[in-house]
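Step one of this worksheet: look at the structure below.
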Amino acid sequence: MDQLIVKDVIEIAAPAKNVWRMLTDPALTKRYMFGCAAVTDWKVGSPLEWAATVDGKDIVYVKGTVLAVEPERLLSYTTIGVGPEYEDRPDNYLTVTCRLTPVDGKTRLEITQGDYARVSDGKKRYDDTVGNWGSVLQQMKAVAESL
């Protein structure tokens, strides 16, 4: 099967430092990632959890590992949903990569996620995700531009 990679791009009217802050500050990630805070120290090899508090209870929805950190340029990490749906094994994790490129006083943010072709139930997972990044990117843009 060919690779299945979700790729989306948005131009944000904010400097890269604001976009980077939006990507890495847990108080800000809650504003665009379905109420989830990115819980990590953002060091390569560190665990990453996307967690929210629901009815006074902390719940981890997605977990992974930080793969690459180049402040204001590149952020990459793995992800897998927490729960019984997919077995927690390395070949079921997806990689999310965020690339920031300055363009005329703005920042171009490119996000890729995949490869869905190599994970369990990949086509379904791809289809469930492919339309979501567009709306998330609009929220990310609003957060970064408000800083």
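In this note's numbering, the protein residues as written are 143 to 289. Heads up, the beta-carbon is just placed ideally off N, CA and C, and yes, glycines get one too. No experiment lies behind these values; they were computed from the predicted model shown.
Check	Outcome
Delimiting residues of the beta strand (DSSP E) encompassing residue 218	216-223
DSSP-derived helix/strand/coil call for residue 194	strand
Cβ-based neighbour list, residue 158, same chain, cut-off 7 angstroms, excluding 5 preceding and 5 following	214, 242, 244, 249
Residue 186 beta carbon less than 8 angstroms from that of residue 211	yes
Endpoints, beta strand (DSSP E) assigned at residue 244	236-245
Where the beta strand (DSSP E) through residue 250 begins and ends	248-256
One or two residues paired with residue 189 in a DSSP bridge	207
Host beta strand (DSSP E) of residue 153 (start-end)	148-154
Contact set for residue 233: own chain, Cβ-Cβ below 7 angstroms, skip 5 residues either direction	260, 261
When 161, 168, 146 are compared against residue 152, the one with the closest alpha-carbon	161
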